[in-house]
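For the sequence shown, the residue numbers in full-length UniProt numbering are 1 to 618. Here's the structure we're looking at; comments come further down.
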Amino acid sequence: MSETIRLTAAQAMVKWLSVQMTEDGERFIEGMWAIFGHGNVAGIGEALHAYKDVFPTWRGQNEQTMGHAAIAYAKGKKRTRAHAVSSSIGPGSTNLVTAAALAHVNRLPVLIVAGDVFATRRPDPVLQQVEDFDDGTVSANDCFRPVSRYYDRISRPEHILSALPRALRVMTDPANCGPAVLAFCQDTQAEAYDYPVEFFEPRVWRIRRPAPDAGELARVAEMVKAAKNPVIIAGGGVVYSQAEDTLAEFASKHQIPVAETQAGKSSLAQSHPMSFGASGVDGSAAANTASQNADLVIGVGTRFQDFTTGSRTLFGAGAKLVSINIHGYDAAKHGAESLVADAKVALEQLSAALGDYQAAAPDAEAREDWLRAVDAYCARPEDQAALPTDGQVIGAVQRATGEDAVAMCAAGTMPGALKLLWKPSQGGYHMEYGYSCMGYEVAGAMGLKLARPERDVLCFVGDGSYMMANSELATAVMRRVPFTVILTDNRGYGCINRLQTMGCGGEPFNNMYVDCNVEVQPEIDYVAHAAAMGAHAVKAKDTDQLEAEVKAARERDIPTVIVIDTVAKDFPGTGLETTAGEHGFFWDVAVPEVSDRQKQRDRFEEYLTQIANARLVN
Numbered sequence: 001m002s003e004t005i006r007l008t009a010a011q012a013m014v015k016w017l018s019v020q021m022t023e024d025g026e027r028f029i030e031g032m033w034a035i036f037g038h039g040n041v042a043g044i045g046e047a048l049h050a051y052k053d054v055f056p057t058w059r060g061q062n063e064q065t066m067g068h069a070a071i072a073y074a075k076g077k078k079r080t081r082a083h084a085v086s087s088s089i090g091p092g093s094t095n096l097v098t099a100a101a102l103a104h105v106n107r108l109p110v111l112i113v114a115g116d117v118f119a120t121r122r123p124d125p126v127l128q129q130v131e132d133f134d135d136g137t138v139s140a141n142d143c144f145r146p147v148s149r150y151y152d153r154i155s156r157p158e159h160i161l162s163a164l165p166r167a168l169r170v171m172t173d174p175a176n177c178g179p180a181v182l183a184f185c186q187d188t189q190a191e192a193y194d195y196p197v198e199f200f201e202p203r204v205w206r207i208r209r210p211a212p213d214a215g216e217l218a219r220v221a222e223m224v225k226a227a228k229n230p231v232i233i234a235g236g237g238v239v240y241s242q243a244e245d246t247l248a249e250f251a252s253k254h255q256i257p258v259a260e261t262q263a264g265k266s267s268l269a270q271s272h273p274m275s276f277g278a279s280g281v282d283g284s285a286a287a288n289t290a291s292q293n294a295d296l297v298i299g300v301g302t303r304f305q306d307f308t309t310g311s312r313t314l315f316g317a318g319a320k321l322v323s324i325n326i327h328g329y330d331a332a333k334h335g336a337e338s339l340v341a342d343a344k345v346a347l348e349q350l351s352a353a354l355g356d357y358q359a360a361a362p363d364a365e366a367r368e369d370w371l372r373a374v375d376a377y378c379a380r381p382e383d384q385a386a387l388p389t390d391g392q393v394i395g396a397v398q399r400a401t402g403e404d405a406v407a408m409c410a411a412g413t414m415p416g417a418l419k420l421l422w423k424p425s426q427g428g429y430h431m432e433y434g435y436s437c438m439g440y441e442v443a444g445a446m447g448l449k450l451a452r453p454e455r456d457v458l459c460f461v462g463d464g465s466y467m468m469a470n471s472e473l474a475t476a477v478m479r480r481v482p483f484t485v486i487l488t489d490n491r492g493y494g495c496i497n498r499l500q501t502m503g504c505g506g507e508p509f510n511n512m513y514v515d516c517n518v519e520v521q522p523e524i525d526y527v528a529h530a531a532a533m534g535a536h537a538v539k540a541k542d543t544d545q546l547e548a549e550v551k552a553a554r555e556r557d558i559p560t561v562i563v564i565d566t567v568a569k570d571f572p573g574t575g576l577e578t579t580a581g582e583h584g585f586f587w588d589v590a591v592p593e594v595s596d597r598q599k600q601r602d603r604f605e606e607y608l609t610q611i612a613n614a615r616l617v618n
């Protein structure tokens, strides 16, 4: 009979997690974020306390933002390490559903351990229990099912013997990677069991690099050899695969221009001659022209999301598609020829199969024209007394930073502006745009800085997104995690206002404070608010002061928040003035078919013309 050790289920979980290792000799799950309450304080809380010297616990301010910090950490580590998050039963758990969805969409690993009802049902209904009148097995944690890659309910202590390895199998699987959710019944957490000692022996988790099928590789190689004007669309899979240098070599050797998705931006440094900038709705003129003229589009690690493809209108009608992706689901999108494999391995083997093949030289002048346009949009304003555009704010921040800078954001106008205008070094960009979750930014900046302490993390956030979730600023102050927040105040939801009024033919309504149903216009002192949480906070009167404050922030060991007022309704150069802007491309946002207003009816006619160009092959 094997040797056993008697532990509670929660103690066994924490002990097991503390010995799950990477190939580099580090814990795969570094530690656990936790807010204790009814449902996790007695079981999981006591277990985390017992192992606090070997498996750290960190306290946050909100379950959702703790989840965001954990996800940003995993993204910053390129999925090689992760964090866990624990919550109480009921509202604490459902606060994490948004974070789980964000991780699911972005294919990022996070372990969510959510408090659940009593397995025995002795105190039924327990405080904060959601009751389904027709199904006694349902709890609030069932909300996680559609946004989890692995879901399990732990209602007996021996369940963790299988549930924990399954959870980490998913989190370390390059194809199925995503959030793993363990709904942990609170009485089960505290119940003891005789666990096999061998269960707690250290284990190394290795992330696979699947090679391509020989037949698929041969077909794709022939398609590339036959192409005269191919273009590469680089997605987040390039980063997750750590294939940045491989992509740079592939693009140079075969003379193929590279356009970027939000997740793929900075896989090539902006200085690379094959880097043609952003793809799609918020894309550059150089990249989108190359995509329109391409006879072959090669997606590498991209989901071909609507922003990337201009809602399926960007690529020419005669263009063929190839999709290199770790998952067959993504590789087959839009009727593409699939090459299912790890991005790095696939590019290496495809390059070998192509030999000395080179495409026709891309339009280098178009690339230079785009870069000159970027410089113009980001130039120092001649009139420092006027409110700056977001582009001028980006320019000031860019001038104040070095090669170690990482620009990060998630929602509003800034993602499109940064994708078009920020000129990163390799790895100098972190955008959560799969779920585009407002409120990710501050917590995400903290998680990113924890993952990349050697980089200068610059968090761009609008006033609307800051108001949604800012409380982890206090956590960053307490933990001495320094990053710089550039808070652009345009007094409302400026991005959605532009979409409403310009993109969809509507009238200003319920987005900018001035257009809302309020008795008095708000006067929110963001500097005082951030300072009250312990951050260094200042109001920049213009972009010159912004530049100086960004430089000064690099010397601090706490977060810095720099507030600057910006233009509310005008932002030249992003391509977001309408859904088919100056540089960008069409974005399919439904327009009302019936309206009393001529402006709305005219916009609907334009919309019919635009959607008629969509490629509908799936």
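Ideal Cβ placement from N, Cα and C applies to all residues, glycine included.
Asked                                                                                                                                                                                                      : Found
Cβ atoms of Ala140 and Ser93: under 7 angstroms apart, would you say?                                                                                                                                      : yes
Under 8 angstroms: do the stretch 176-184 and the stretch 110-118 share three or more Cβ pairs, one atom per stretch?                                                                                      : yes
Just to confirm the assignment: which complete beta strand (DSSP E) runs, minimum length 3, are found wholly within the stretch 50-80?                                                                     : none
Would you decide whether Ser267 is buried or exposed? Buried here means 16 or more other CB atoms lie within 10 Å of its CB.                                                                               : buried
Expressed to the nearest angstrom, what Euclidean distance is found between the alpha-carbon atoms of His68 and Leu168?                                                                                    : 19 angstroms
Would DSSP call Thr579 helix, strand or coil?                                                                                                                                                              : With a pLDDT of only 34 at Thr579, under the threshold of 50, the placement of this residue in the model should not be trusted, and no figure is reported.
Beta carbon of Lys52, beta carbon of Gln242: below 7 angstroms?                                                                                                                                            : no
As an exercise, report each continuous alpha helix (DSSP H) stretch of at least 4 residues that is fully enclosed by the UniProt domain "Thiamine pyrophosphate enzyme central" (217-350), in chain order. : 236-240, 244-254, 285-293, 306-309 and 328-331
Would you say Met502 faces chain C, with C-beta separation under 7 angstroms as the test?                                                                                                                  : This model lacks chain C altogether, as it is built from one protein chain only.
Tell me the DSSP secondary structure of Phe144 in three-state form.                                                                                                                                        : helix
Is the CB-CB distance between Ile233 and Ile256 below 7 angstroms?                                                                                                                                         : no
Less than 7 angstroms separating the beta-carbons of Gly39 and Ser88?                                                                                                                                      : yes
According to the neighbour-count rule (16 or more other Cβ atoms, all chains shown, within 10 Å of its Cβ), is Leu608 buried or exposed?                                                                   : exposed
Leu102 and Tyr513 - do their beta-carbons sit closer together than 7 angstroms?                                                                                                                            : no
Going by Cα to Cα distance, which pick from Gly37, Ala42, Ile35 and Ala84 is closest to Phe55?                                                                                                             : Ala84
Quick one: Cα of Gly444 to Cα of Glu222, how far?                                                                                                                                                          : 42 angstroms
According to DSSP, is Ala194 helix, strand or coil?                                                                                                                                                        : According to the sequence displayed, residue 194 carries Asp and not Ala. Asp194: strand per DSSP, three-state reduction.
Check whether the stretch 374-385 and the stretch 419-432 are in contact - that is, three or more C-beta pairs closer than 8 angstroms.                                                                    : yes
Quick one: using the 10 Å Cβ neighbour count with 16 as the cut-off for buried, is Val457 buried or exposed?                                                                                               : buried
Whose C-beta lies closer than 7 angstroms to the C-beta of Arg399 among residues of the same chain, with five residues either side of it excluded?                                                         : Glu547
Comparing the CB of Asn510 with every heavy atom of the ligand SAM, is any distance shorter than 6 angstroms?                                                                                              : Among the components of this structure there are no ligands whatsoever, and the ligand SAM is therefore not found.
Keeping to the same chain, check which residues put their C-beta closer than 7 angstroms to that of Thr401; ignore five residues upstream and five downstream.                                             : Asp456, Leu458 and Val550
Run through DSSP, which three-state label would Leu487 get?                                                                                                                                                : strand
Just to check my reading of the structure: Asp134 and Leu182 have Cβ atoms closer than 8 angstroms, yes? What is that Cβ distance to the nearest angstrom?                                                 : Not quite, the Cβ-Cβ distance comes to about 25 angstroms (not below 8 angstroms), so this is no contact.
How close, in whole Å, do the beta carbons of Val589 and Cys504 come, if the pair is a contact with beta carbons under 8 angstroms?                                                                        : 6 angstroms
Closer than 7 angstroms by C-beta to Ser284: which residues in its own chain qualify, once you throw out the five before and the five after it? Chain order, please.                                       : Phe276, Gly277, Ala278, Trp370, Leu420 and His583
Ala407 and Tyr440: beta carbons closer than 7 angstroms?                                                                                                                                                   : no
How far does the alpha helix (DSSP H) with Cys378 in it extend, from its first residue to its last?                                                                                                        : Ala364 to Cys378
Along the chain, which unbroken stretches of the alpha helix (DSSP H) at least 4 residues long are found entirely within the stretch 139-184?                                                              : 160-171
Contact defined as beta carbons within less than 8 angstroms: I believe Met32 pairs with Thr4. What is the distance between those atoms, to the nearest angstrom?                                          : Met32 to Thr4, Cβ: 25 angstroms. No contact.
Name, in chain order, the residues that DSSP records as bridge partners for Arg6.                                                                                                                          : Asp194
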